[in-house]
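Undergrad:
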Ligand SMILES: [Zn+2]
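Residue numbers (the working numbering): 55 to 167.
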């Protein structure tokens with residue numbers, strides 16, 4: 055989630071197990087994501103991908119993070135790896151397929167999900 059004020063809160067489907075980063079014993083039931091990425095994230099959840107975080111990039115480079123066990127599934131879905139800014143050896147970040155025009159923040163009137 056980012057500080058751009060253009061996010062939506064999504065209900066995590068019961069079939070997708072997403073855990074809190076700080077206390078992994080508790081499943082998340084709601085997640086805040088950038089509005090423009092919401093359809094893609096919901097689609098990934100629908101096929102069982104467990105996301106760990108995401109950002110559309112707001113005209114820059116975005117990412118979708120997934121749990122390590124779901125990296126092969128993301129590769130099968132045709133996702134390309136995104137470089138991790140802090141740990142270059144990590145392979146759990148992927149480039150979103152949702153394209154936001156360069157230099158444009160997603161408009162606030164994009165559909166609420
Ligand atoms: Zn963002």
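Don't be surprised by glycine CBs; every beta carbon is placed ideally from N, CA and C.
Note that this is a predicted model, so its numbers are computed, not measured.
Can you tell which of 99, 124, 92 and 121 has its C-alpha closest to the C-alpha of residue 109?
TA: Checked all of 99, 124, 92 and 121; the closest Cα to residue 109 is 92.
Undergrad: In the DSSP output, which residue or residues are listed as bridge partners for residue 118?
TA: For residue 118, which the question treats as bridged, DSSP gives the partners 108 and 148.
Undergrad: Ordered along the chain, which non-local residues of its own chain (more than five positions away) have a Cβ less than 8 Å from that of residue 66?
TA: Result list for residue 66: 72, 81, 82, 83, 84, 85 and 99, in chain order.
Undergrad: Taking 8 Å as the cut-off, is the beta-carbon of residue 132 closer than that to any non-hydrogen atom of ligand 1?
TA: For ligand 1, not one heavy atom lies less than 8 Å from the Cβ of residue 132.
Undergrad: Is DSSP giving residue 138 helix, strand or coil here?
TA: Note: residue 138 maps to coil in three-state DSSP.
Undergrad: I need the DSSP call for residue 124, collapsed to helix, strand or coil.
TA: It is helical.
Undergrad: Following a CB-centred definition, is residue 116 positioned closer than 8 Å to any heavy atom of ligand 1?
TA: The answer is yes for residue 116.
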